[in-house]
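Here this note's numbering is used: the first residue of the sequence shown is 22, the next is one more, and so on. Glycine is no exception: its CB is placed at the ideal position from the N, C-alpha and C atoms.
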Amino acid sequence: MAMRTRCYLGWLAVLLADLVVAVAGTPAEKVLKHADDWFLTDDAERVLANILSWQTVRGDWPKNVDTTAQPFPRPGGPPSGTFDNGATVGELRVLARAVRVTGKEPYRQAFLRGFDHLLAAQYPHGGWPQFYPPGNGYHRHVTFNDGTMVRLMEFLDDAHRLPEFDFLDARRRAAAGEAVERAIDCVLRCQVVVEGTPTVWCAQHDADTLAPAQGRSFEPPSLSGAESAGILRFLMRVPSPSDRIIRAVEAGVAWFEAVKIEGYRYRRSDAGPSLVADAKAPALWARFYEIGTNRPIFCDRDGVVKYDLQEIGSERRGGYTWYGTWGEEVRQAYARWPYRQR
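The following block contains the structure:
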């Protein structure tokens, strides 16, 4: 009993830490910082009306736009929805809160349309494309890039389990839990194995074969330091994880430890050196590592792989995050994880 209690408390600490991250990003997610009483104000009604105006016929929302600030401009053609860059999940979380506090039917109907769209968009093997229907380009691949699939899994996991979503009918809550289970299976199948050793994940995996796949021209098939951190943190919030999940986490944590870069500070800039020697700087991880060698790799818009960031043109060198401290998030989550093996 004492061991189960410690495991539960450790899992709960990981979950709460990730919930803080989950509501800190897009303009829609920032609305969640308000207390419940705010959702009964005129200001909230205006913000929620703006959010509803940006919802597409299919039920999703566009990315890289503040859907809370102004209503969708009409005329101007319908908005184009996606799951990329935090779009749609943030709006759905706000609507869920509004339904719980106000009980208003327009908010519930908008939420259900978006919720059902997420479920319909999931591939049978458990992955999600960037948007649905996915088309024929790289957007159709299973998209871990920028945390897209992790956000969808976190949201559906919360919808399945948390009181915030008690307004959902039993069928939809059960479907959310089943979708998460399929997604976790997809994640575990996507973990890249090199010479018999599981490592981490690519930013996107082929929609059919689940092999590492090309994204944009400067996002080659590779091992991703950024996206893999989010995947591992999600796996560490799974209660009572299976042996498969535990093995996947242990392998991923070991990979992060093996490829960390110490003694340098990263300066995102279109001119001058990007890595500056600094013995006191925190450990860094590259955005992309070559599969098989673990060498950091970089690409310009021509798609040619380079091993030195200084060989990349100024537009991409300064316009993309090539290094980060993502592995530190993994280390901290692993230190709290009650199922760790070492």
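Query raised in the report: Do Phe309 and Ser245 have their C-beta atoms closer together than 8 angstroms?
Result: yes
Query raised in the report: Can you give the Cα-Cα distance for Ala43 and Asn106, rounded to whole angstroms?
Result: Since pLDDT at Ala43 reaches only 42, below the 50 mark, its modelled position is unreliable, and the value read off the structure follows with that caveat. Distance between the alpha carbons of Ala43 and Asn106: 12 angstroms.
Query raised in the report: Can you list, in chain order, the residues of its chain whose CB lies under 6 angstroms from that of Asp57, leaving out five sequence neighbours each side?
Result: Taking C-beta separations shorter than 6 angstroms and ignoring five residues to either side along the sequence, the partners of Asp57 in its chain run Val122, following chain order.
Query - Gln331 classed as buried or exposed, judged by whether at least 16 other C-beta atoms fall within 10 angstroms - result: Gln331 should be labelled exposed.
Requested in this report: Out of Phe188, His226, Ala142 and Leu173, point me to the one whose CA is closest to Asp119's CA.
Outcome: Strictly speaking, residue 119 in this sequence is Ala, with Asp absent from that position. Comparing Cα positions, the closest option is Phe188.
Report task. Determine the extent of the alpha helix (DSSP H) in which Arg114 is found, giving its start and end residues. Result -> Val110 to Thr123
Query raised in the report: By a C-beta neighbour count over all protein chains shown, 10 Å radius and 16 as the cutoff for buried, is Ala228 buried or exposed?
Result: buried
Query raised in the report: Val326 bridges to which residues according to DSSP?
Result: Cys320
**Report entry** Residue from Ala70, Thr109 and Thr103 whose Cα sits closest to the Cα of Phe93
**Finding:** Ala70
Report task. For the beta strand (DSSP E) holding Val297, just list the boundary residues, first then last. Result -> Leu296 to Ala298
Requested in this report: Leaving aside the five residues before and after Lys281 along the sequence, list all residues of the same chain whose C-beta is less than 8 angstroms from its C-beta, in chain order.
Outcome: Ala304, Leu305, Trp306 and Gly348
Report task. Would you be able to state if there are at least three C-beta pairs under 8 angstroms between the region 190-203 and the region 136-145? Result -> yes
Query raised in the report: Using the rule of at least 16 other Cβ atoms within 10 Å of the residue's Cβ for burial, across every protein chain shown, is Arg50 buried or exposed?
Result: Looking at the sequence provided, one finds Glu at residue 50 rather than Arg. Burial call: buried.
Query raised in the report: Nearest-angstrom Cα distance between Ile333 and Arg286?
Result: In this structure, the alpha-carbon of Ile333 lies about 18 angstroms from that of Arg286.
Query raised in the report: Which value, in whole angstroms, describes the spacing of the CA atoms of Asp63 and Arg289?
Result: 42 angstroms
Requested in this report: Under 8 angstroms by Cβ, that's how I've got Cys223 and Val213 pegged, so tell me the actual separation to the nearest angstrom.
Outcome: 7 angstroms
Query raised in the report: Considering only the beta carbon of each residue, do Ala354 and Arg268 sit closer than 8 angstroms?
Result: no
Query - is_contact[Val208, chain B] using C-beta, thresh 8 angstroms - result: The structure shown has no chain B; it contains just one protein chain.
Query raised in the report: Taking C-beta to C-beta, are Arg265 and Leu177 nearer than 8 angstroms?
Result: No, these two residues do not count as a Cβ contact at 8 angstroms.
Query raised in the report: From Thr169, Trp149, Gly168 and Arg172, pick the residue whose C-alpha is nearest to that of Arg161; which is it?
Result: Trp149
Requested in this report: Just grab the DSSP bridge partners of Thr103 for me.
Outcome: Trp82
Query - As assigned by DSSP and simplified to three states, the class of Arg286 - result: strand
Report task. Leaving aside the five residues before and after Glu271 along the sequence, list all residues of the same chain whose C-beta is less than 6 angstroms from its C-beta, in chain order. Result -> Gln362
Query raised in the report: Where Arg79 and Ala234 are concerned, what is the direct C-alpha to C-alpha distance, given to the nearest angstrom?
Result: 27 angstroms
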